[in-house]
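K.L.:
My questions all concern the structure below.
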Amino acid sequence: MWRDAALVAGRDLRVEARSRVTLQQVGPFALLVLILFAFALDPARQTLERATPGLYWVTVLFSALLALARSAALDEAGGVRDALRLSALEPAGVFVGKALAVAAELLVLEAVLGLGVIVLYGAEPAGIGLLLVTCVSATAAIATTGTLYGALVSGLRVRETLLPLLLLPVLAPVLLGATRAFEAALGGAPADGWPWCGLLAAFAVLYSVAGAAAYGTLLEGS
Amino acid sequence: MEPVVHLRATVALLGRFPALAGIDLDVGRGEIVLLRGPNGAGKTTLLRVLAGLIPPVRGEARVLGHDLPAQARAVRRRVGLLGHGTALFEELTAADNVGFWGRACRAGRDDIEAALGLVGLDGRLRDVPVSRLSAGQRRRTSLACLLARRPELWLLDEPHAGLDNDARDLLDGLVRQAVSQGATVVMSSHELDRAEALAHRTVALAGGITTTPAQPGDEVAPGATTDVTPRSEPDLPENVTKVPYVA
């Protein structure tokens, strides 16, 4: 399974590196959202600073929708789904590989957005360990859940609009957990943030297992 | 010897429509069988059933000694399907695509390089992104993906479409070479002159049923007109919408 996951992740990342969609479209979109939040809340600078964790993760979530839709679309091209079914790839490996590729893209995006909130919102990094663990856990949760739902809506004509509708409510606990953990880290009380990290990790594990188990069925059904 | 393909009264659905409405077909090892028939006759559906991608819902279906749909996964690993979709990633090069699909089918590096060479993509073209290849070159790349997995049963859906004459000659040569090495080929084509010259036998389809003898050795002369007589209506599931017979 891990060999297949590495093969699929390598393919998705290579496609991404060549197309530069994350670099040229998703990244600028995310920064634009950060800037728009800053415009909207700038007169009340304290509000902006207080809302920084939430705004950061809302931006990550919106940007993730683009990356996930792009990832799902890769396997929608003519004949790719049939070729996947005809291949010797383990469906669980395909799922893990796609989730890993999305996670890698999101982690890069989160690093850029982190610099963005420091510059635009005046955020002062603190509790670096908690911030990093939160990013990894939340990213894993978003990538696994999004990859699973991407497969669920594949083959539908309305998949582009249906994916956010299905995914955003499911990811609400991730938004909540990641925001609270960031608030704790930036507020100087990291101990309060670790339970939220536990929630994020549990969410990621749950959807990793569910996705690996269900991906074969979804591949057949779409 | 057990035939590579053995279908008896096989029914397969597309949605609720019986795209195959009780088909009989036997294909022996080393045969090249051409499926011919009008649009909607069921040629593509038949090829996808043989690939294990569409489950038959009635009748008997054995491919390479495996029962369908129960052993579809075993069948899939031993067949190669060249379908309407190219299954290529536009941003990747021809070599990247063949490499990915080759490794996804457990092909070795040598098989992948050999496949690229056989279709003439071992030169400058191997490192060109698929998005910049012509339709014919993309088709060659798809063919290389099929060659890399060294299938025992080749399923070719309109393989000559989009190819120039040189590429068609190349494809025909590769098919003959594969058959000489023990592979079996079932193909559909509207390029009847070329396809019938390549095939050992022609099977006509209409309305999702075979309309010519389907046993190995029952030769149909190239270009011969066949009587199209529908079988009695097959035993279809109750929820299936019956479609009018199309000759």
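Protein chains in written order, with the working numbering: chain W, 79 to 300; chain U, -5 to 241. Ideal placement from N, C-alpha and C gives every residue a C-beta, glycine not left out.
Which same chain residues, not among the five before or five after W/D90, have their C-beta less than 8 Å away from its C-beta?
P.N.:
Take W/D90, set aside five residues on each side of it, and the residues of its chain with a beta-carbon closer than 8 Å to its own are S149, L152, G175, K176, A179 and V180, in chain order.
K.L.:
Hey, is U/V124's beta-carbon within less than 7 Å of any beta-carbon in chain W?
P.N.:
no
K.L.:
What's the gap between the Cα of W/W80 and the Cα of W/F173?
P.N.:
11 Å
K.L.:
Would you verify that the beta carbon of U/A129 is, or is not, closer than 7 Å to some beta carbon of chain W?
P.N.:
no
K.L.:
Which class does U/S128 belong to by DSSP, given the choice of helix, strand or coil?
P.N.:
In the three-state reduction of the DSSP assignment, U/S128 falls in the coil class.
K.L.:
Measure the alpha-carbon distance for W/E298 versus W/T222 and round it to whole angstroms.
P.N.:
19 Å
K.L.:
Going by C-alpha to C-alpha distance, which of W/V248, W/L119, W/G266 and W/L126 sits closest to W/Y285?
P.N.:
Per the C-alpha coordinates, the member of W/V248, W/L119, W/G266 and W/L126 positioned closest to W/Y285 is W/V248.
K.L.:
So for W/G136, helix, strand or coil by DSSP?
P.N.:
In the sequence under discussion, the amino acid at residue 136 of chain W is Val, which differs from the Gly named in the question. Residue state, collapsed to three classes: helix.
K.L.:
State the start and end residues of the unbroken alpha helix (DSSP H) segment that holds U/A3.
P.N.:
Per DSSP, U/A3 belongs to no alpha helix (DSSP H); it is in the beta strand (DSSP E), V(-1) to L8.
K.L.:
Classify W/S165 as buried or exposed, calling it buried when 16 or more other Cβ atoms lie within 10 Å of its own Cβ.
P.N.:
buried
K.L.:
Could one say the Cβ of U/P216 lies closer than 7 Å to chain W's Cβ atoms, at least one of them?
P.N.:
Low local confidence applies: a pLDDT of 45 at U/P216 is under 50, so the model's placement there is unreliable, with the coordinate-based value given in what follows. Closer than 7 Å: no.
K.L.:
I believe W/G271 touches W/L208 by the beta-carbon criterion, under 8 Å. Please report the beta-carbon distance rounded to the nearest angstrom.
P.N.:
5 Å
K.L.:
Taking 7 Å as the CB-CB limit, is U/F11 close to chain W?
P.N.:
With 7 Å as the cut-off, U/F11 does not count as an interface residue toward chain W.
K.L.:
Taking W/S305 as part of the beta strand (DSSP E), name the residues at either end of that continuous run.
P.N.:
Residue 305 of chain W lies beyond the residue range present for chain W, which begins at 79 and ends at 300; the question has no answer from this structure.
K.L.:
Could you tell me the distance, in whole angstroms, from the CA atom of U/L149 to the CA atom of U/V179?
P.N.:
6 Å
K.L.:
State yes or no: is the C-beta of U/A155 within less than 7 Å of the C-beta of U/A35?
P.N.:
The criterion of a C-beta distance shorter than 7 Å is not satisfied by U/A155 and U/A35.
K.L.:
What do you get for U/V(-1), buried or exposed, if any count of 16 or more other CB atoms within 10 angstroms of its CB means buried?
P.N.:
buried
K.L.:
In the structure shown, what three-state DSSP assignment does U/Q167 receive?
P.N.:
Per the sequence presented here, residue 167 of chain U reads as Gly, with Gln not at that position. It is helical.
K.L.:
Could you give the distance in angstroms between the alpha-carbon of W/R123 and the alpha-carbon of W/V158?
P.N.:
Distance between the alpha carbons of W/R123 and W/V158: 49 Å.
K.L.:
Check whether the stretch -1 to 8 of chain U touches the stretch 276 to 294 of chain W, counting contact only when three or more Cβ pairs, one atom from each stretch, lie closer than 8 Å.
P.N.:
no
K.L.:
So, do the stretch 110 to 122 of chain U and the stretch 77 to 90 of chain U have three or more beta carbon pairs nearer to each other than 8 Å?
P.N.:
Contact between the stretch 110 to 122 of chain U and the stretch 77 to 90 of chain U is present, because at least three Cβ pairs lie under 8 Å.
K.L.:
Touch check for the stretch 95 to 115 of chain U and the stretch 32 to 49 of chain U: three-plus C-beta pairs under 8 Å?
P.N.:
Not touching, per the Cβ criterion.
K.L.:
Buried or exposed: which applies to U/I17, given that a residue is buried once 16 or more other Cβ atoms fall within 10 Å of its Cβ?
P.N.:
buried
K.L.:
By the DSSP assignment, the beta strand (DSSP E) with U/P12 in it spans what residues?
P.N.:
F11 to V21
K.L.:
With 8 Å as the C-beta to C-beta threshold (strictly closer), list the residues of the stretch 143 to 174 of chain W near chain U in chain order.
P.N.:
L152, A155, G156, G157, V158, D160, A161, L162, R163, L164, S165, A166 and L167
K.L.:
In its own chain, which residues sit with a C-beta less than 6 Å from the C-beta of W/W274, not counting the 5 before and 5 after it?
P.N.:
Within the same chain, W/W274 has close Cβ partners G255, R258 and A259.
K.L.:
Strictly under 7 Å for the Cβ-Cβ distance: is U/R188 near chain W by that measure?
P.N.:
No, U/R188 lies away from the interface with chain W (no Cβ there is under 7 Å from its Cβ).
K.L.:
What residues in the stretch 84 to 97 of chain W bring their beta carbon closer than 7 Å to a beta carbon of chain U?
P.N.:
For the stretch 84 to 97 of chain W, the beta-carbon criterion of a distance under 7 Å to any beta-carbon of chain U is satisfied by L85, R89, R92, V93, R96 and S97.
K.L.:
Check for me: the alpha helix (DSSP H) holding U/R72 runs from which residue to which?
P.N.:
Unbroken run through U/R72: none, as it is neither H nor E.
K.L.:
In the DSSP assignment, what residue or residues form a beta bridge with U/A285?
P.N.:
Coverage of chain U is limited to positions -5 through 241, which leaves residue 285 of chain U absent and any answer about it impossible.
K.L.:
Does any CB atom of chain W fall closer than 7 Å to the CB of U/A81?
P.N.:
yes
K.L.:
Alpha helix (DSSP H) containing U/E54: first to last residue?
P.N.:
Careful: U/E54 lies outside any alpha helix (DSSP H), inside the beta strand (DSSP E) at P50 to V57.
K.L.:
If I measure Cβ to Cβ from U/R56 and keep anything under 6 Å in the same chain, skipping five residues before and after, which residues do I get?
P.N.:
H0
K.L.:
Please classify U/S182: does DSSP put it in a helix, a strand, or coil?
P.N.:
Three-state result, U/S182: strand.
K.L.:
Secondary structure at U/D105, three-state DSSP: helix, strand or coil?
P.N.:
helix
K.L.:
From the DSSP secondary-structure annotation, give me the bridge partner or partners of U/L147.
P.N.:
U/V73 and U/T178
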